[in-house]
Amino acid sequence: MCCIVAGSVHDYTLMKDVFTPGSAWFEKVNLWLDLGFLGADKDYQSTQIYLPHKKPRKSKKNPNPTLTPEQKKQNRKQAATRVIVEHAIGGMKFFHCMMHRIRNHLGHFVDYFFSLSAGLWNYKSC
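Shown next as structure tokens:
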């Protein structure tokens, strides 16, 4: 199965399609996710999931919602970890075979492009 999809597909929807909730996909790993994956901790309960703290909504009772300094510190620490991964994904797009439509009927060919781009990016950033 090829897991490269159009950018219009929501990340969490794609995660639920590929990794069925309720099964033991991520039992032995920790997941560091962004706020686009809200609700993952309820769907994947057997997994240790780290989500950033979401700023509370503005209301009459709370006109100036803010996060506590501890929550801000935790969000910064998590963002610093995630930015390395985000830069690697962006770096793989430097190799334009990941950016353009691949007009080939071999399904595994797309996986080869992905692996090649990841390997070249890792080699370049060493």
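Take the UniProt record's numbering: the last position of the sequence shown gets the number 126, and nothing is skipped along the way. A virtual CB, placed ideally from N, CA and C, is assigned to each residue, including glycine.
State buried or exposed for residue i, treating a residue as buried only when at least 16 other CB atoms are found within 10 Å of its CB.
i: Pro52; result: buried
i: Met1; result: Residue placement at Met1 is flagged as unreliable, the pLDDT there being 45, under the threshold of 50; a coordinate-derived value is accordingly withheld.
i: Phe109; result: exposed
i: Leu106; result: exposed
i: Leu33; result: buried
Give the C-beta separation of residue i and residue j to the nearest angstrom, bearing in mind that I take them to be a contact with Cβ-Cβ under 8 Å.
i: Trp121; j: Ala80; result: Incorrect: roughly 20 Å between the Cβ atoms, too far for contact.
i: Gly90; j: Ser125; result: With 8 Å as the limit, Gly90 and Ser125 do not qualify as a contact, their Cβ atoms being about 12 Å apart.
i: Leu67; j: Ile49; result: The pair is not a contact, with the Cβ atoms about 19 Å apart (cut-off 8 Å).
Taking only three categories from DSSP, how would you classify residue i?
i: Tyr12; result: helix
i: Met1; result: Because the pLDDT at Met1 is just 45, under 50, the model does not fix this residue reliably, and the value given afterwards should be weighed accordingly. Met1: coil per DSSP, three-state reduction.
i: Gly39; result: coil
i: Trp25; result: coil
i: His96; result: helix
In terms of residue numbering, what span does the beta strand (DSSP E) encompassing residue i cover?
i: Asn30; result: 30-32
Taking the continuous alpha helix (DSSP H) assigned at residue i, which residues delimit it?
i: Gln48; result: Here Gln48 belongs to no alpha helix (DSSP H); instead the beta strand (DSSP E) covers 48-50.
i: Ala88; result: 69-92
i: Lys61; result: Note, Lys61: premise wrong, no alpha helix (DSSP H); not H, not E.
Requested in this report: Would you check if the segment 16-25 and the segment 38-56 touch, i.e. whether three or more CB-CB distances between them fall below 8 Å?
Outcome: yes
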